[in-house]
Amino acid sequence: MKANSPLATSSSDTVVVSKGAPMVQPTSGEQLSLIQGPPSKHCSGFRYDRNVDSGWWRKFWGASIPNKVKIHLWRACNEAIPMLVFLYRREVQVGRFCSLCHTDLEDVSHALWYCPAAQSVWRMTALWPVLSSFPGGPFVNLCVFGAGKCNKEDIDVFCIIAWCLRQNRNKLMLGRVLMQADAVVSWAGRFLGEFLTCNGLEKTTIPTKSPAKLPWQPPRSGMVKVNVDAAVHESLDVVGIGVVVRNEQEWTIETDAVDVIRAVKDPVPLALE
Numbered sequence: 001m002k003a004n005s006p007l008a009t010s011s012s013d014t015v016v017v018s019k020g021a022p023m024v025q026p027t028s029g030e031q032l033s034l035i036q037g038p039p040s041k042h043c044s045g046f047r048y049d050r051n052v053d054s055g056w057w058r059k060f061w062g063a064s065i066p067n068k069v070k071i072h073l074w075r076a077c078n079e080a081i082p083m084l085v086f087l088y089r090r091e092v093q094v095g096r097f098c099s100l101c102h103t104d105l106e107d108v109s110h111a112l113w114y115c116p117a118a119q120s121v122w123r124m125t126a127l128w129p130v131l132s133s134f135p136g137g138p139f140v141n142l143c144v145f146g147a148g149k150c151n152k153e154d155i156d157v158f159c160i161i162a163w164c165l166r167q168n169r170n171k172l173m174l175g176r177v178l179m180q181a182d183a184v185v186s187w188a189g190r191f192l193g194e195f196l197t198c199n200g201l202e203k204t205t206i207p208t209k210s211p212a213k214l215p216w217q218p219p220r221s222g223m224v225k226v227n228v229d230a231a232v233h234e235s236l237d238v239v240g241i242g243v244v245v246r247n248e249q250e251w252t253i254e255t256d257a258v259d260v261i262r263a264v265k266d267p268v269p270l271a272l273e
């Protein structure tokens with residue numbers, strides 16, 4: 001089945017809708033009414049009003065981001081991403097609760113904002129001081145809220161982070177290892193930077209909040225503590241790992257530094273050392 005898409009640039013542009021997929025009925029502006037059963041608790045009593053959207057859609061369509069990210073955000077704003085709650089309502093044999101936190105139903109709003117895993121990512125971005133005052137509601141409300149307080153560069157970053165959150169969550173469904181929050185933010189920065197560079201646009205960095213430094217705590221009596229750190233020297237193409245072993249009196253017992261590439265290529269001499 002084919003249907004006209006609001007993302008189409010001409011009357012001939014279409015999108016393919018597979019059999020059994022949720023049908024959508026466009027109304028005014030970008031608003032869609034999705035036939036997918038009762039709304040989640042985040043969307044309860046919600047009705048989108050294009051007159052109070054803080055220019056979200058104008059800023060969104062003008063964002064300097066890949067089209068696949070725009071499609072993802074458009075679908076997210078219209079609750080048209082097949083999250084577990086949606087699949088459950090379509091009588092697919094899956095659980096409804098979030099696969100990461102296991103404490104709430106997994107809908108779009110939960111996956112991209114309310115889930116503790118998502119919150120840990122947002123907290124590491126410079127957008128958090130603004131987004132943290134969001135009063136609540138479905139994901140599209142968060143977009144509208146942010147659009148009223150953020151500039152164009154911030155909107156670009158917001159969209160990329162939301163897309164990366166979804167991609168990272170998909171790793172779990174594929175049996176892959178999830179990235180930690182700081183890795184997701186770093187990935188988002190590289191992804192956006194590469195896109196802007198390839199398209200001859202001004203590069204935007206994703207500023208992060210520096211994590212608080214925790215004081216070193218000595219181990220229990222009779223135990224030792226091993227601290228490990230790694231560093232990458234891009235110009236020399238070298239990756240190194242350093243190790244420090246200390247006891248409860250903070251005495252250094254052993255230290256070592258290893259060239260990872262050399263260790264992988266020739267591990268026997270290193271083991272003998």
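Heads up, the sequence shown is in the UniProt record's numbering, so the first residue is 1 and it goes up one at a time. All C-beta atoms, glycine included, are put in the ideal place defined by N, C-alpha and C.
Taking the CB atoms as reference points, tell me whether residue i and residue j lie closer together than 8 Å.
| i | j | result |
| --- | --- | --- |
| Ala181 | Ser120 | yes |
| residue 282 | Val130 | Here the chain has residues from 1 to 273 only, and residue 282 is not among them. |
| Val69 | Ile160 | yes |
| Trp163 | Leu142 | no |
| Leu165 | Ala111 | yes |
| Val144 | Trp56 | yes |
Taking C-alpha atoms, which residue in the options lies nearest to residue i?
| i | options | result |
| --- | --- | --- |
| Asp154 | Trp128, Val140 and Tyr88 | Trp128 |
| Tyr88 | Ala76, Leu105 and Leu100 | Leu105 |
| Met173 | Cys98, Trp61 and Val144 | Cys98 |
| Val228 | Pro218, Arg220, Gly242 and Ser221 | Gly242 |
| Arg169 | Arg220, Gly55, Pro82 and Met223 | Pro82 |
| Val224 | Gln249, Ala230, Leu201 and Glu202 | Gln249 |
| Ile65 | Glu202, Arg246 and Pro138 | Glu202 |
| residue 343 | Gly200, Asn247 and Gly136 | The requested residue 343 does not occur in the structure, where the chain is confined to residues 1 to 273. |
| Ala183 | Thr125, Trp56, Phe134 and Leu196 | Thr125 |
| Gly136 | Pro116, Ser109, Arg123 and Trp74 | Ser109 |
DSSP on residue i, reduced to helix/strand/coil?
| i | result |
| --- | --- |
| Ala230 | strand |
| Ile155 | helix |
| Lys171 | helix |
| Asn246 | Note on residue identity: the sequence assigns Arg, not Asn, to residue 246. Arg246: strand per DSSP, three-state reduction. |
| Ile241 | strand |
| Lys149 | coil |
| Leu105 | strand |
Starting from residue i and walking both ways along the alpha helix (DSSP H), at which residues does that stretch end?
| i | result |
| --- | --- |
| Thr125 | Neither: Thr125 is in no alpha helix (DSSP H) and is coded neither H nor E. |
| Asn78 | Element bounds for Asn78: n/a, residue is neither H nor E. |
| residue 276 | Not covered by the structure: residue 276. The range shown for the chain is 1 to 273. |
| Val177 | Per DSSP, Val177 belongs to no alpha helix (DSSP H) and is neither H nor E. |
| Glu194 | Ala181 to Cys198 |
| Trp61 | Trp56 to Trp61 |
| Arg90 | Neither: Arg90 is in no alpha helix (DSSP H) and is coded neither H nor E. |
*asked:* Would you call the stretch 138 to 152 in contact with the stretch 90 to 103, where contact means no fewer than 3 C-beta pairs closer than 8 Å?
replied: no
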